[in-house]
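What follows is a short report on a single structure.
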Ligand SMILES: *Cc1c(COP(=O)(O)O)cnc(C)c1O
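In our numbering, the protein residues as written are 1429 to 1798.
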């Protein structure tokens, strides 16, 4: 019998030091201001604004950020929003919950993000917006999508929940399109346990978003569309307490990427998902691209070694899903998105994996491909 080894999980929340969190909460216990734009909330908003170079509006979740980013466009209910089948459920749910109609366009084979050609083909007189997702840490073809949106006068929202850390030509990815949505959920890099943010380039738009997240109120009057999308002081305190740990965590993950890259470089059966040229590498995902049967063998081998990898969610408009009846525009006879969902396999990528953990993961992957 081999000795019992620790499980290597796919991801784990980055936690603040408990005393840092508690110290930040002291003033909250004195002032009793729990929410409605408290001091900690405003501080986190301005820190994130400096980091992204945009105007940041904190909200209660990434899903709320997507809904407010869509509503900011002033698009008519019932309009069509072109989106990707490859994402977490939240991106299509945000469209639906806003009373808009999702239309799925296929993804690019090389990067698995929304294919500009398929988007162009999906445009109808009812199209009002595009909701593109930087899937698994890979930037969309931002320039091409911005060009389409400009030519067809469509509102362009990017879901940056899986790519908050990506730089595009040296700029933060959230400065793309008309608005970007971030998630601050516990599974993401920087977290407030539950939370999110909309990033926009323009102060007036940030003000409009700030009204929307607070019931549309201004000076006690309901001045426009609104909902309760606010972030509490307790959540903001968590974000402020964990933020100083993010840089070291990113450095650790970058090192792990390098080790994985070096280990798989010369293995002919393994392709790895690398960043789109001109953009930085993800700190949230390290993804292998394997034919489905090979992937099954690798997953079995990882599980046998008590290592938990991650496969993408099934495509959002696939058979048996809520959106199975939706319109789908594909780039070839069969959808690329479906292929990708069957081929991607993401390996554990977080500071606790360490050098020994990487060696164990690599060994299990290589055993899995036989
Ligand atoms: C995590 C995630 C969301 C949802 O964020 P929440 O904060 O959990 O609402 C949205 N889109 C994508 C692509 C995500 O990965």
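Positions of the beta carbon are idealized from the N, C-alpha and C atoms, including for glycine.
In its own chain, which residues sit with a C-beta less than 7 Å from the C-beta of residue i, not counting the 5 before and 5 after it?
i	result
residue 1663	1620, 1621, 1622, 1623
residue 1431	The predicted model places residue 1431 with a pLDDT of 46, which falls under 50 and marks its position as unreliable, so this point remains unresolved.
residue 1444	1666, 1669, 1670, 1673
residue 1544	1569, 1572, 1573, 1576
residue 1495	1522, 1525, 1526
residue 1659	1469, 1486, 1487, 1488, 1620, 1623
Between residue i and residue j, which are expected to be in contact by the criterion C-beta below 8 Å, what is the C-beta distance as a whole number of angstroms?
i	j	result
residue 1490	residue 1518	6 Å
residue 1646	residue 1469	Actually they are not in contact, since the Cβ atoms of residue 1646 and residue 1469 sit about 18 Å apart, beyond 8 Å.
residue 1485	residue 1626	5 Å
residue 1755	residue 1531	5 Å
residue 1628	residue 1617	21 Å between Cβ atoms; not a contact.
residue 1706	residue 1547	Contact flag wrong, Cβ pair sits at about 20 Å.
residue 1603	residue 1480	7 Å
residue 1520	residue 1511	6 Å
Considering only the beta carbon of each residue, do residue i and residue j sit closer than 8 Å?
i	j	result
residue 1712	residue 1773	no
residue 1566	residue 1710	yes
residue 1560	residue 1509	no
residue 1768	residue 1540	yes
residue 1684	residue 1692	no
residue 1633	residue 1500	yes
residue 1657	residue 1474	no
residue 1493	residue 1582	no
residue 1738	residue 1438	yes
residue 1608	residue 1631	no
residue 1696	residue 1436	no
residue 1554	residue 1590	no
DSSP has residue i in a bridge; who is on the other side?
i	result
residue 1607	1585
residue 1625	1486, 1610
residue 1708	DSSP lists no partner for residue 1708.
residue 1723	Residue 1723 pairs with nothing; no bridge assigned.
residue 1757	1533
residue 1595	1600
residue 1715	1774
residue 1738	1774
residue 1436	1735
Just checking residue i against ligand 2 - is the residue's beta carbon closer than 7 Å to any of the ligand's heavy atoms?
i	result
residue 1519	Among the ligands modelled here, namely ligand 1, ligand 2 does not occur.
Closer than 6 Å by C-beta to residue i: which residues in its own chain qualify, once you throw out the five before and the five after it? Chain order, please.
i	result
residue 1796	1725, 1726, 1729
residue 1793	1726
residue 1765	1513, 1514, 1534, 1535, 1743
residue 1680	1779
residue 1466	1661
residue 1606	1583, 1584
residue 1529	1508
residue 1551	1580
residue 1537	1764
Apart from the five residues on each side of it in sequence, which residues of its chain come closer than 8 Å, Cβ to Cβ, to residue i?
i	result
residue 1477	1483, 1484
residue 1452	1468, 1665, 1668, 1669
residue 1429	Any reading at residue 1429 is ruled out, since the residue's pLDDT is 43, under 50, leaving its predicted position unreliable.
residue 1720	1770, 1771
residue 1682	1709, 1711
residue 1615	1439, 1441
residue 1700	1688, 1689, 1692, 1714, 1715, 1716, 1717
> At which residue ranges does the region 1500-1568 contain complete alpha helix (DSSP H) runs of 4 or more residues, listed in the order of the chain?
Replying inline: With a minimum length of 4 residues, the continuous alpha helix (DSSP H) runs that stay inside the region 1500-1568 are 1517-1525, 1544-1550.
>> So within the region 1637-1713, which uninterrupted alpha helix (DSSP H) runs reach at least 4 residues, ignoring any that extend past its ends?
In response: Along the region 1637-1713, the alpha helix (DSSP H) occurs as fully enclosed runs of 4 or more residues at 1661-1692, listed in sequence order.
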